[in-house]
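Residue numbers (the working numbering): 358 to 647. In this text, a Cβ means the ideal position worked out from N, Cα and C, and glycines have one as well. Quick caveat, the model's predicted, so the values are computed rather than measured.
Next up, the structure:
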């Protein structure tokens, strides 16, 4: 058997490198941006009554709606098939500021038994959505917009409070205002576009923080990791974190993209979280589907 040597070996190496690069480019632009990963987890809330049934919560973030395509239709099917009790969207709804019809179509297609909630992100403010057509579209789509405010979800056997921070990146957040009507007796989920707010929760009784913004890095390289992460991320790139003294943080990788339509080694994500009464015996089992 003969092996290539000299210039032939170099040519073969270049061909191989070219094929690898082409494959990576196809994956990053055509495959991964549309290949949604569904992540299921169980999270325990000690403040829920022991008689309360499990709640199914879908956490979605950074949808960056530009149009309704395959990824968006697939996301709608995944979410509705999960039959969620609560849907939470942690900011960055649009990509470009003039997509009211597409955004309303997407948001209005989602179904939840007890409520759908969202907060604004920095891209929403950059595109002027909160001050123009955004609130009306959100309302018509059946979502509750939380701008430094809270809402109680009352269901058979239990009650849980969803508090939402307005976007921290653009300086619209006010934690004190968001928590004003939250009782210390009730389990509380805080929704924030950026994860770094967990560093400044003070003495507020918050059980779980849901955030996005990071896109999980969006483009990752083997060994090197994420090429770039946005301001407001700190070490909270994606997934679950235990934050002292006693707060759980979940950061979504997001569904869409910003700046460039690529994802590499960082698939878009929909998180389906089972909220269960009790204290966490350890990290909940994590199942990845699709």
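Please name the residue or residues paired with residue i in a DSSP beta bridge.
i: residue 474; result: 445 and 501
i: residue 422; result: 451
i: residue 507; result: 520
i: residue 482; result: Its beta-bridge partners do not exist; DSSP assigns none.
i: residue 364; result: For residue 364, which the question treats as bridged, DSSP gives no partner whatsoever.
i: residue 400; result: 632
i: residue 512; result: 515
i: residue 583; result: 577
i: residue 599; result: 605
Among the residues of its own chain, which have a CB less than 7 Å from the CB of residue i, if the five just before and after it don't count?
i: residue 634; result: 402, 405, 406, 407 and 409
i: residue 567; result: 416, 445, 447, 546, 548 and 607
i: residue 431; result: 393
i: residue 454; result: 484, 485 and 486
i: residue 364; result: none
Indicate whether residue i and residue j have their beta-carbon atoms separated by less than 7 Å.
i: residue 475; j: residue 505; result: no
i: residue 460; j: residue 450; result: yes
i: residue 544; j: residue 563; result: no
i: residue 494; j: residue 457; result: yes
i: residue 394; j: residue 624; result: yes
i: residue 628; j: residue 399; result: no
i: residue 696; j: residue 590; result: The chain is shown from 358 up to 647; residue 696 falls before or after that span and cannot be answered.
i: residue 622; j: residue 577; result: yes
Out of the options, which one is the CA nearest neighbour of residue i?
i: residue 602; options: 557, 491, 538 and 365; result: 557
i: residue 559; options: 569, 488, 532 and 538; result: 532
i: residue 528; options: 477, 561 and 364; result: 477
i: residue 512; options: 391, 412 and 392; result: 412
i: residue 483; options: 525, 465 and 502; result: 525
Considering only residues of the same chain and omitting the five flanking positions on each side of residue i, which have a CB-CB separation below 8 Å?
i: residue 594; result: 571, 573, 574, 583, 586 and 608
Beta-carbon within less than 6 Å of residue i's beta-carbon, same chain only, minus the 5 sequence neighbours each way: which residues are those?
i: residue 613; result: 419, 420 and 421
i: residue 600; result: 555 and 606
i: residue 561; result: 536
Shorter than 6 Å, the distance from the beta carbon of residue i to the closest heavy atom of the ligand SAM, or not?
i: residue 420; result: For the ligand SAM, the structure offers nothing, since it holds no ligand at all.
With a threshold of 7 Å between beta carbons, is residue i in contact with chain D?
i: residue 498; result: Included in the structure is just one protein chain, with no chain D present.
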